[in-house]
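My numbering numbers the first residue of the sequence shown as 9 and each following residue consecutively.
Even glycine gets a Cβ: it sits at the ideal position worked out from N, Cα and C.
Please read all numbers here as calculations on a predicted model, not as lab measurements.
Below is one structure; the comments refer to it alone.
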Amino acid sequence: MRKQMLFWFNEAFGYTDAVQVFFSPGRFNILGEHLDYNGGHVLPGAMELGTYIAAAARSDTLLNIRSRQMQDACMVDLTKPLPAEKGWWRYVAGAVVTICQQARKFQGLDLLLHSTLPIGAGLSSSASVTAGTAYATAYFLQLHPSCAELAVWSKRAENEFAGVPCGYLDPFAICCARRGYALLLNCSSLHYRYIPVHMHAYAFIIVDSGTRRTLAEAPFKQRAEECAHAKRMLRRLLPIEELADVTPHQFYSVAHWMVDEVAYRRARHVVGENARVLTAAESLNDATAHRLARLMHASHVSLRDYYEVSTPQLELLVAMTRTVPGCLATRISGAGFGGCVLSLIRRSAYAHFIDVVSEKYRKACGFDAAFYPADFSDGVRLLTAGE
Ligand code: ADP
Ligand code: MG
């Protein structure tokens with residue numbers, strides 16, 4: 009892929025001297041949905057699919073951005089404020105500006121992006137772009153941030169320049185992931201641990217429903233407000249900072265005081281999900297695969313009934329996948345309202361699973377589901393000559 013990127017870069021910019029190619033993965037989350045903005049734990053891994061970025065330093069302060077997935081190109085002068093228009097390029101320019109601010113130097117760059125991830129499917133193509141661009145810019149500025157620093161800067165770029173109020177889950181997964189490990193991240197303290205994944209007989213697979221959450225910004229904002237409300241109520245009763253600090257035991261001892269039914273349901277999801285993540289982190293091996301499956305199933309039920317972010321297509325996929333022999337569990341993966349589900353399946357059933365689900369889904373919906381391996385890959389990196 010490195011060679012291919014150099015070829016495309018040459019087509020776009022007319023040179024290949026001193027061009028470097030970076031790779032920034034997409035991410036999936038085994039468990040811990042809607043916990044990042046509630047100060048809870050998440051358990052992501054990095055995918056093999058992601059965004060490739062070919063880049064070279066310029067001798068001026070201009071930033072030239074192209075993407076093979078987008079028609080329009082963009083050129084900005086880093087010494088001037090970014091234009092006010094919205095656009096995909098803001099993720100890229102925002103990441104470059106954020107890193108230049110850290111280095112106190114405006115470094116012009118030519119950048120070409122190419123993504124092997126579906127865009128807008130909940131696999132975090134956006135953070136893959138910002139983290140990859142931030143990593144590339146830091147490389148040319150000879151900054152050597154830790155992966156956690158890079159994640160914090162990438163999040164800031166997406167928040168401030170793209171205007172997306174995303175949390176720490178995506179940038180930490182993408183910047184800090186390691187092959188063969190899941191990342192257990194506390195979204196409140198930002199402490200993280202690498203959890204070795206010893207699953208040989210089982211595998212995770214992502215199924216993209218092909219439906220998108222384009223109209224669903226409002227419900228997400230609403231969920232965040234409902235959680236803030238639930239937190240305010242519970243803070244009058246319990247010594248907590250974040251909603252996810254509430255233990256299941258504490259929650260059930262005070263739940264009858266929660267007169268607001270919606271706040272109760274949202275809090276119940278957050279409290280239960282956080283406890284499930286901690287158990288799941290101890291279940292990432294063959295011997296405990298069935299326990300993990302029960303946790304994933306409980307997570308799905310909670311997202312459907314208490315957090316209320318499922319859709320008919322997602323329910324259809326969940327029901328369909330569960331009837332395939334060798335599938336242990338399926339749950340909504342990502343924020344919900346469209347996008348993907350994540351299944352835990354027997355590795356030997358992999359090909360059969362894809363055949364059966366794709367045929368059944370096409371028959372039921374009239375359009376195709378897509379399948380992506382959810383392997384535990386490395387985080388953002390510079391590609392070497394053979395890659
Ligand atoms: P996702 O779940 O994939 O992160 P988002 O809506 O958060 O969905 O982010 C998608 C946005 O990220 C796109 O609309 C675009 O602005 C940007 N993006 C992602 N991949 C690319 C790419 N290869 N080239 C240009 N922009 C991209
Ligand atoms: Mg995103």
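Beta-carbon contacts of residue i that lie in its chain and below 6 angstroms, excluding the five residues immediately before and after
i           : result
residue 239 : 251
residue 258 : 246
residue 369 : 377
residue 110 : none
residue 321 : 217 and 219
Nonlocal neighbours in the same chain, by C-beta distance under 7 angstroms from residue i, ignoring five residues either side
i           : result
residue 143 : 30, 32, 158 and 388
residue 50  : 37, 40, 43, 44, 177, 193, 195 and 285
residue 8   : With the chain represented from 9 up to 395, any question about residue 8 goes unanswered, as that position is not in the structure.
residue 75  : 96 and 121
residue 223 : Here residue 223 scores only 47 on pLDDT, less than 50, and its place in the model is too uncertain to base an answer on.
residue 70  : 83, 85 and 116
Cross-strand partners of residue i (DSSP beta bridge)
i           : result
residue 58  : 33
residue 75  : 121
residue 230 : BP columns for residue 230 are empty, so no partner.
residue 340 : 349
residue 381 : 213
residue 83  : 72
residue 189 : 204
residue 142 : According to DSSP, which records beta bridges pairwise, residue 142 is partnered with nothing at all.
residue 53  : 36
Residue j beta carbon less than 8 angstroms from that of residue i
i           : j           : result
residue 166 : residue 160 : no
residue 100 : residue 137 : yes
residue 61  : residue 141 : yes
residue 198 : residue 156 : yes
residue 179 : residue 189 : no
residue 256 : residue 283 : yes
residue 162 : residue 139 : yes
residue 181 : residue 237 : no
Inter-residue Cα distance where the pair is residue i and residue j
i           : j           : result
residue 26  : residue 339 : 45 angstroms
residue 23  : residue 91  : 28 angstroms
residue 300 : residue 17  : 44 angstroms
residue 392 : residue 28  : 9 angstroms
residue 206 : residue 234 : 38 angstroms
residue 216 : residue 77  : 19 angstroms
residue 2   : residue 276 : Since the first residue of the chain shown is 9 and the last is 395, residue 2 is not available in this structure.
residue 64  : residue 332 : 48 angstroms
residue 212 : residue 87  : 45 angstroms
residue 57  : residue 253 : 34 angstroms
residue 183 : residue 356 : 31 angstroms
residue 314 : residue 14  : 48 angstroms
residue 394 : residue 10  : 8 angstroms
residue 98  : residue 169 : 6 angstroms
residue 291 : residue 241 : 33 angstroms
residue 319 : residue 328 : 14 angstroms
Residue i CB to nearest heavy atom of the ligand ADP below 7 angstroms
i           : result
residue 58  : no
residue 218 : no
residue 77  : yes
residue 45  : no
residue 182 : no
residue 16  : no
residue 165 : no
residue 96  : yes
beta-carbon residue i near the ligand MG non-hydrogen atom, thresh 7 angstroms
i           : result
residue 134 : yes
residue 195 : no
residue 174 : yes
Contacts around residue i, its chain only, beta-carbon distance under 8 angstroms, and the 5 residues preceding and following it disregarded
i           : result
residue 210 : 294, 297, 336, 352, 353, 354 and 355
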